[in-house]
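For reference, the structure is listed below as structure tokens.
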Amino acid sequence: QQQEEPAPQQQAGDKAPTPEDPQLTLATTTSTQDSGLLDVILPDFEAKTGYQVEVIAVGSGAAMSMGESGDADVLLVHSRAAEDEFIAAGHGVDRHDVMYNDFLIIGPAADPAGIKGGNDAVAAITQISESEAIFLSRGDESGTHKKELSIWRAAGIEPSGDWYNSVGKGMGDTYRMADEMQGYTLIDRATYLANKGNYSLEPMVEGDELLFNPYGVIAVSPEKYPNINYEGATAFIQWIISDETQALIAEFGKDQYGQSLFIPDAK
Amino acid sequence: MTVLFKLSNITKSYGERQVLNAKALEIRAGNIHCLLGPNGSGKTTLLRIMSLLTPNDGGHLEVLGEAVNWQPSQLLRLRRQMAMVTQSSFMFEGSVYYNVAYGLRARKTPKKEIQQRVQESLELLGMSDFIDAPARYLSGGETQKVAIARALAVRPRVLFLDEPTSNIDPSSSLEIEQYIKHINQEYTTTIVLITHNFFQARRLAQHTSLLWEGHIIEEGPTRDMFHNPQDPRTRRFLKGEY
Amino acid sequence: MTVLFKLSNITKSYGERQVLNAKALEIRAGNIHCLLGPNGSGKTTLLRIMSLLTPNDGGHLEVLGEAVNWQPSQLLRLRRQMAMVTQSSFMFEGSVYYNVAYGLRARKTPKKEIQQRVQESLELLGMSDFIDAPARYLSGGETQKVAIARALAVRPRVLFLDEPTSNIDPSSSLEIEQYIKHINQEYTTTIVLITHNFFQARRLAQHTSLLWEGHIIEEGPTRDMFHNPQDPRTRRFLKGEY
Amino acid sequence: MDVIGQGVKEGILLILSLDPELIQVTLLSLQVSLSALLVSGLLGIPAGTFLALKDFAGRKLILNIIYTLMGLPPVLAGLIVFLVLSNRGPLGEWQLLFTPSAMVIAQVLLGFPLVAGLSARAVMSQRQEAYDTAVMLGATRTIAILSIIREARMGIIAALTTALGRLIAEVGAVMMVGGNIQGKTRVLTTSIVLETRMGHDSRALGIGIILLILAFIIMLLILKLEKRSFKDDSTIQII
Amino acid sequence: MDVIGQGVKEGILLILSLDPELIQVTLLSLQVSLSALLVSGLLGIPAGTFLALKDFAGRKLILNIIYTLMGLPPVLAGLIVFLVLSNRGPLGEWQLLFTPSAMVIAQVLLGFPLVAGLSARAVMSQRQEAYDTAVMLGATRTIAILSIIREARMGIIAALTTALGRLIAEVGAVMMVGGNIQGKTRVLTTSIVLETRMGHDSRALGIGIILLILAFIIMLLILKLEKRSFKDDSTIQII
Ligand SMILES: Nc1ncnc2c1ncn2[C@@H]1O[C@H](COP(=O)(O)OP(=O)(O)OP(=O)(O)O)[C@@H](O)[C@H]1O
Ligand SMILES: Nc1ncnc2c1ncn2[C@@H]1O[C@H](COP(=O)(O)OP(=O)(O)OP(=O)(O)O)[C@@H](O)[C@H]1O
Ligand SMILES: [Mg+2]
Ligand SMILES: [Mg+2]
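Chains as they are written, first to last, in the working numbering: chain D, 3 to 269; chain G, 916 to 1157; chain Z, 916 to 1157; chain P, 1214 to 1452; chain B, 1214 to 1452.
Laid out in structure tokens, this is it:
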């Protein structure tokens, strides 16, 4: 039932030299924290580089506005279009792909919309809207929400009605609500796997290319905010796209769920 | 004459200290009964026990013919026949009217009658002009007068007066005494009066009890007590007369 | 003799109603000056203005030789030479000791001396036994005695007494009168006394003023006032004598 | 800093726009908080009065527990109500989760201890004389106790305004059991959280300003009510 | 429902485990809330007393604004402090964001109106006699006012306990300006939110229970303090 709290790894032996400014603020989406990924990989970074990472877990939107105001040094987010805008506006530099996971549509075992087993997201949501089965939308302009909206757009549907619930919450909370309301929702695999023991919803649709969810890392622009820790951000980026870390990411979740939660894809 | 209050061996202690130990006391219907005694001798405590505001520790208490069992229903029934002017004359926040009408409202008297009775009572005490004044702004004597009016408004069978004219000017005081006598005679209202004014006691009371450190050390017709006190302490106390 | 309080045309209104209009009043150092008058005639109001607790609306007020400007520093300086027993004898939450020591603590008296003076004052009032009792549980008369002790403890130059013995038994009352006389003579403490007890006024006061609906209608040596009142209202009021 | 200025501007624009969604959210906020306040008051004032006046074994303990529950985290209150009302919970059949009723229930859990605890304090500071005078004038116990409550009204109104403040500002509980569903259970505070999560700071501030204006108006009404019943509104004169 | 039972169990196990991380989180909770309470008290009691006693133009308005600010949503308080302390904000140079100091500042924004408003109420309900008696005994204005505060202590302690309850339970503000950083700004309430987000309901409940026990102990201490200074703890006798 209970998810094991991942114990921070104690790195024995060689101590890393302490950097000039060891405080590094990472603004990220709740999914990386709530899934437990950061608890597993960050100790490795801290041990190797001597940085101390402060994790602020918020929505992708808030994470980026934190970067915009210079309140974070480095971002780990998943909202591709917004990320590009962010770079274009000069708020950030050094964007790299880190990993991806995928989304799936989950729903109640009774499956009132009859979509179970398919792999066509557009067809599935069309059916959900036609049968007016309960659907929960994150509704918070998060990466997940934007993904959902893009699928509706692809289906040519403007979702509205009593069956369409825009809940304005994080993924974990939305999952909880969907379970209570026995409704369908779009969820990232990491959150789904981490919590599925607690709830009864089942996977309905997965494997559609539309459901691909890339995470990127961005350093906040040192030109805009000279007092941010750009050096640390660079170290973080170098570390997270390094082969060793990528391997760590690939391993994460395998022992517990039998599959990786995130697929590394740094180039 | 019926005995309205019958006390035997009534005791009351606060902490270690016994402040009241009344062996025997009877108060007869239609009487004006005065309680005298030095400060702290237990007069107010005794009055509070008779008016069922403070439970006694030991002894037997009979009020208006009933052994007191301190059940709410009994208390309400008995208290509805009493009224009291306390030493501090507490006023509820609100107007003089609100305060004087309080007891009548509690008895669900019709509004018309309340208005009439309040006006009547205030007039008797010469306080009609203050009917709409906030009760808490009254002067010391005015407050006491309103407290008396408030007690009279309910036309009680028994009236407890704890130093009711201590802050009232002499001429008003005499008028009030007249009125106390009047209701005692006209409506046979029984009155228990605490006072430090010996003249007032002599003018009003048929009976007097003298308290001393919680004990009733002398009791009898008021005239006898003043003319021929038995206890040396009574004699000493009454010499403080002015 | 110096004039400690000099009032001319002092007025005070509450809302529409003028409750005080004192054309002229002087209180001389070393005197015991009594204020008489029916309830609501403005005695307490006048006392509160003289003790700088209530600002007057109009007129000119001189206290202890200074024209009053109501500046905090002046108020403090003047009040430090006064003490007061109010009609309601407010007690701070805490013990009798706490209350009697209050004024001494405010003056930063050394602790040793405070203890001694508190004990002295309480003894004078016969209240030593109550030194550790919670002040709010005292009987009416006991409270008043503590209030007097509290005022005496600071050894004021001027002492205001607003019906100070209204709840006190006659023999204690006489003792207190003796003590008031004593400090008046020994320490030339000036005393302004409000009382409804004409005997007390005659025993204590050299001077008396009589208030009537806010006006001082008669003023003079106490003896003259009682033997030969000028105003018909004074005569009527003093006839209420008992 | 200009975000704050912009927030004020946005707040005014929001009010002027009369956006139907915002009106609906505002009305729901009012409805939920005022209902919870009403229930908290109806339960809390009698409970507080009872605890202040009735001496029984365990009274102190209960009072201390109530004071402690003033520190009940809204999220925790929300979680408890969630678990009780959840499909798997004992009252799951009632199907109340994610409805305004559930939000009211969770808020009562927060409002009740506040009203009860502060009312108990207000009543305790009243004087014996008030009760004595009332019963000696022939009041039943109940009426006498009502009179004490009347004398304690300053403190009790303070209890109600404090509770209202807490309830209208609270987000943890309503978020948990209401679910912040647009058009259904979204209220002002959950909107603020949502807007901040989306990084719309000035809009969040704007909604916050609307909420504060609302609170201001309600406080004025409550205080008016108090004034109307008592004319002599004295303060201590410092001279 | 067994989640609640399990939550209680987990709470006990958590306490017994003496988990160093949990201890650190608990201590930080205490430190932040008590510091904020201290500052709120040091500012709020004088401010409330001043507003209760000093008559000046605009006094009523300020009082009403303070009553209104009792309804300041924690998220909003958090947001405002966030904007002020943010790098782009006017105090960005202080580098306080995501530190316990920032959390204290945001909580003071919540605690101050509560303490000031309730203290004002408590002082207002005192009687003129208290002040008069004090100054006639030679007290300076300040000492006389302190005596009034002493008489009003029941209400002021209620103000402090209420504020403590709100601060220790509050999550919106500390989450916003603290950021819930593990080992640095994570406190009990933000842990509860995190655990519920991860679906660990019974652990969330367990932490909640620890928080309530803590609140209970502090309330006991505050009330003990109050008792120690005054022996005559009378209640009204209902007979
Ligand atoms: N704050 C107030 N507001 C309105 N009226 C007041 C206020 N204080 C006093 N009064 C009125 O002013 C008048 C004079 O009051 P004051 O207390 O001076 O009378 P007093 O002569 O001391 O009477 P007593 O002998 O009854 O003590 C009274 O009629 C009283 O009702
Ligand atoms: N609640 C209490 N706790 C402790 N002592 C009390 C309490 N109430 C009264 N006493 C004490 O009991 C004694 C008797 O009080 P009581 O009020 O009956 O006196 P009294 O005869 O009415 O005096 P007075 O003439 O001064 O009014 C007093 O010494 C008083 O201090
Ligand atoms: Mg008495
Ligand atoms: Mg007077």
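Even glycine gets a Cβ: it sits at the ideal position worked out from N, Cα and C.
| message | When you compare the CB of Ile1318 (chain B) with every CB in chain P, is at least one pair closer than 9 Å? | response | no
| query | What is the DSSP secondary structure of Lys927 (chain Z), counted as helix, strand or coil? | reply | strand
| task | For Thr917 (chain G), I'd like the list of residues in its chain whose CB is within less than 6 Å of its CB, leaving aside the five on either flank, ordered along the chain. | result | Ala944
| task | Determine the direct distance from the alpha carbon of Thr34 (chain D) to that of Asn1393 (chain B), and round the result to whole angstroms. | result | 14 Å
| said: Buried or exposed, going by whether 16 or more other CB atoms sit within 10 Å of the CB of Leu1323 (chain B)? | reply: buried
| task | Check whether the Cβ of Gln1031 (chain G) sits closer than 8 Å to any heavy atom of ligand 4, and report yes or no. | result | no
| field | Any non-hydrogen atom of ligand 2 within 8 Å of Gly952 (chain G) CB | value | yes
| field | Same chain only: Cβ atoms within 6 Å of Ile1029 (chain G), ignoring 5 sequence neighbours per side | value | Ala1016 and Leu1019
| said: Tell me whether the stretch 1372-1384 of chain B and the stretch 1267-1282 of chain B touch, counting them as touching only if at least three CB pairs, one residue from each stretch, are closer than 8 Å. | reply: no
| task | State the start and end residues of the unbroken alpha helix (DSSP H) segment that holds Pro1147 (chain Z). | result | Pro1147 to Lys1154
| In this structure, what does DSSP give as the bridge partners for Arg943 (chain G)? | G:Val918
| query | What are the boundary residues of the beta strand (DSSP E) that includes Val1297 (chain P)? | reply | Where Val1297 (chain P) is concerned, there is no enclosing beta strand (DSSP E), although the alpha helix (DSSP H) it sits in stretches over Pro1287 to Leu1298.
| message | Three or more C-beta pairs under 8 Å: does that hold for the stretch 137-152 of chain D against the stretch 1359-1368 of chain P? | response | no
| field | is_contact[Ile108 (chain D), chain B] using C-beta, thresh 9 Å | value | no
| said: What I want to know is whether the C-beta of Asn1082 (chain Z) ends up closer than 8 Å to one or more non-hydrogen atoms of ligand 2. | reply: yes
| said: Only counting the same chain, and skipping five residues up and downstream in sequence, which positions put a Cβ closer than 7 Å to that of Pro1238 (chain B)? | reply: Rather than Pro, the amino acid found at residue 1238 (chain B) in this sequence is Val. Excluding sequence neighbours, Val1238 (chain B) sits near Arg1399, Val1400, Leu1401 and Ser1404.
| said: For a contact defined as C-beta to C-beta under 7 Å, what are the partners of Thr1 (chain D) on chain B? | reply: Absent from the model: residue 1 (chain D). The displayed extent of chain D is 3 to 269, so no value can be given.
| field | Cβ-Cβ separation, Val222 (chain D) to Gly69 (chain D) (assumed contact under 8 Å), whole Å | value | 5 Å
| message | Between P:Gly1421, P:Thr1375, P:Ala1290 and P:Glu1306, which has its C-alpha nearest Asn1277 (chain B)'s C-alpha? | response | P:Thr1375
| Apart from the five residues on each side of it in sequence, which residues of its chain come closer than 7 Å, Cβ to Cβ, to Gly72 (chain D)? | Val222, Lys226, Tyr227 and Ile230
| field | Partner residues on chain B for Tyr1017 (chain Z), Cβ-Cβ distance less than 7 Å | value | Leu1350
| Between the stretch 990-1009 of chain Z and chain G, which residues of the former have CB atoms less than 8 Å from a CB of the latter, in chain order? | Gln1002 and Ser1003
| task | Could you tell me if the beta carbon of Ile1091 (chain Z) falls within a distance shorter than 8 Å of some heavy atom in ligand 1? | result | no
| task | Count the other CB atoms, across all protein chains shown, that sit within 10 Å of the CB of Ala65 (chain D); report buried if there are 16 or more and exposed otherwise. | result | buried
| said: Would Arg1334 (chain B) and Ala1371 (chain P) be called neighbours here (beta carbons separated by less than 9 Å)? | reply: yes
| said: Please report whether the beta-carbon of Met183 (chain D) lies at a distance below 9 Å from any beta-carbon of chain P. | reply: yes
| query | Helix, strand or coil for Asp96 (chain D) per DSSP? | reply | strand
| query | Taking 8 Å as the line, does the beta carbon of Ser1054 (chain Z) fall inside it for any heavy atom of ligand 3? | reply | yes
| field | Helix, strand or coil at Trp985 (chain Z) according to DSSP, with G and I counted as helix | value | coil
| task | Quick one: using the 10 Å Cβ neighbour count with 16 as the cut-off for buried, is Gln1339 (chain P) buried or exposed? | result | buried
| field | From P:Leu1425, P:Leu1433, P:Ile1423 and P:Gly1419, residue whose alpha carbon lies closest to that of Gln1219 (chain P) | value | P:Gly1419
| request: Would you list, in chain order, the members of the stretch 1326-1343 of chain B that have their beta-carbon closer than 8 Å to a beta-carbon of chain Z? | output: Arg1340, Glu1342 and Ala1343
| query | Can Asp1077 (chain Z) be considered in contact with ligand 4, in the sense that its beta carbon sits closer than 8 Å to one or more heavy atoms? | reply | yes
| Inter-residue CB distance, Leu951 (chain Z) and Ile1131 (chain Z) (contact presumed, cutoff 8 Å) | The Cβ separation is near 10 Å, so there is no contact.
| task | Would you mind listing the alpha helix (DSSP H) stretches within the stretch 205-258 of chain D that are 4+ residues and don't spill past its ends, in chain order? | result | 232-242 and 245-253
| request: Could you check what DSSP says for Pro266 (chain D) in three-state terms: helix, strand or coil? | output: strand
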